[in-house]
Amino acid sequence: MAIPITVLDCDLLLYGRGHRTLDRFKLDDVTDEYLMSMYGFPRQFIYYLVELLGASLSRPTQRSRAISPETQILAALGFYTSGSFQTRMGDAIGISQASMSRCVANVTEALVERASQFIRFPADEASVQALKDEFYGLAGMPGVIGVVDCIHVAIKAPNAEDLSYVNRKGLHSLNCLMVCDIRGALMTVETNWPGSFQDCAVLQQSSLSSQFEAGMHKESWLLGDSSFFLRTWLMTPLHIPETPAEYRYNMAHSATHSVIEKTFRTLCSRFRCLDGSKGALQYSPEKSSHIILACCVLHNISLEHGMDVWSSPGTGPVEQPPEEEYEHMESLDLEADRIRQELMLTHFS
1 MAIPITVLDC DLLLYGRGHR TLDRFKLDDV TDEYLMSMYG FPRQFIYYLV
51 ELLGASLSRP TQRSRAISPE TQILAALGFY TSGSFQTRMG DAIGISQASM
101 SRCVANVTEA LVERASQFIR FPADEASVQA LKDEFYGLAG MPGVIGVVDC
151 IHVAIKAPNA EDLSYVNRKG LHSLNCLMVC DIRGALMTVE TNWPGSFQDC
201 AVLQQSSLSS QFEAGMHKES WLLGDSSFFL RTWLMTPLHI PETPAEYRYN
251 MAHSATHSVI EKTFRTLCSR FRCLDGSKGA LQYSPEKSSH IILACCVLHN
301 ISLEHGMDVW SSPGTGPVEQ PPEEEYEHME SLDLEADRIR QELMLTHFS
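Under UniProt numbering, the sequence shown is numbered contiguously, ending at residue 349.
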């Protein structure tokens, strides 16, 4: 005789039926210090997220007792900043671990929907020129409007047959392409690339490359390290500098490129779910990609609210590929090589 299976709502079991919205936790009932220690962000920032995401998180539901947007956001922030569905986190806001997972999914999708609002290149000439002036003031590198690099984020193995997500260290990961400005604000984020893809392959196939190849931001360029090919719109360091001008160029390039390395350290420090030491993201590649992008959106929103990108403690140097992998990366693009030579002659001789 077949036994009917009933899907139970964990929160319904815990809290019973009653009001439609569960307000188990009140921001006004706790201190700022508590919010920072548990969720990584101050009260006013959380209030802003409630206002920003509230409509998306209050969508019609068939559940008898929906979780409030405020509680959903706290649950998601708790996961992003701690990297785990800790029981004490759910207990603190009065929801089960299963509901924590649903909250993270809801908030993640709401943030991803708004990614283009907070992650974008400036379009007007004045803003582009401001980027150039700021980067030039840092280390004397002219024409730079952004710094590009890739970072791996560990994920669980999608399945035994799919090896495309296995990186060169034998771990499953997503290789994420990002561009930042001098403040560490992200202007491009692509989080969907399998870990087996080298940085140069990710950039070559990215929408970012297509946009610059099509002529976006002419007479400007990005800075990338030696894991990328030199392009007319992407300046890389010389593998073996020989002249004083080449050494000065490489030094200015390194000092400028360090901005994105600091940004990566901040991301992994503030959002521990991206830090491999906390374990891999236990989601499919698509969902993991969305979580990474959601954290990047929060990163930029925090900058807009005056939270210093460098305020979080670092997590150690960002790993770079072994030096021998750089040797084949010297450019075959003669026009790009001419531009770099002219740049060194004009500004570093």
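Where a beta carbon is used, it is the ideal one built from N, C-alpha and C, also for glycine.
- Counting along the chain, Met178 sits inside the beta strand (DSSP E) bounded by residues Ser173 to Cys180.
- Residue nearest to Phe348 within the set Asp28, Asp29, Cys268 and Gly140 is Gly140 (criterion: CA-CA distance).
- For Gly170, the three-state secondary structure derived from DSSP is coil.
- In this structure, Gly146 lies near Met187, with their beta-carbon atoms less than 7 Å apart.
- A contact is defined here as three or more CB-CB pairs under 8 Å, and the segment 278 to 285 meets this definition with respect to the segment 152 to 167.
- Thr263 sits close to Cys180, with the two beta carbons spaced by under 7 Å.
- Bounds of the beta strand (DSSP E) holding Asn192 are Leu186 to Pro194.
- In this structure, the alpha-carbon of Leu171 lies about 14 Å from that of Trp193.
- Note on Leu274: 16 or more other CB atoms within 10 angstroms of its CB, so buried under the neighbour-count rule.
- In this chain, the beta strand (DSSP E) harbouring Gly146 covers Val144 to Ala154.
- In the three-state scheme derived from DSSP, where H, G and I count as helix and E and B as strand, Met38 is classed as helix.
- Per DSSP, Leu222 is one residue of the beta strand (DSSP E) stretching across Trp221 to Leu223.
- Remark: fewer than three beta-carbon pairs, one from each stretch, lie closer than 8 Å, so the segment 221 to 237 and the segment 265 to 272 are not flagged as touching.
- In this structure Ser56 is in contact with Ala110, their Cβ atoms being roughly 4 Å apart against a cut-off of 8 Å.
- Boundaries of the alpha helix (DSSP H) harbouring Arg43: Arg43 to Leu57, taken from the DSSP string.
- Between His305 and Phe118, the gap from beta carbon to beta carbon reaches 7 Å or more.
- Note that the segment 197 to 216 does not touch the segment 292 to 306; fewer than 3 beta-carbon pairs, one per stretch, sit closer than 8 Å.
- Your pair Phe135 and Thr256 checks out as a contact, with CB atoms roughly 6 Å apart and the cut at 8 Å.
- Excluding the 5 residues flanking it on each side, Thr81 has same chain C-beta neighbours closer than 7 Å at Tyr39, Gly40, Arg270, Phe271 and Arg272, in chain order.
- Short of 7 Å from the beta carbon of Ile73, and not among the five residues preceding or following it, lie these beta carbons of its own chain, in chain order: Ile46, Leu49, Val50, Leu53 and Val107.
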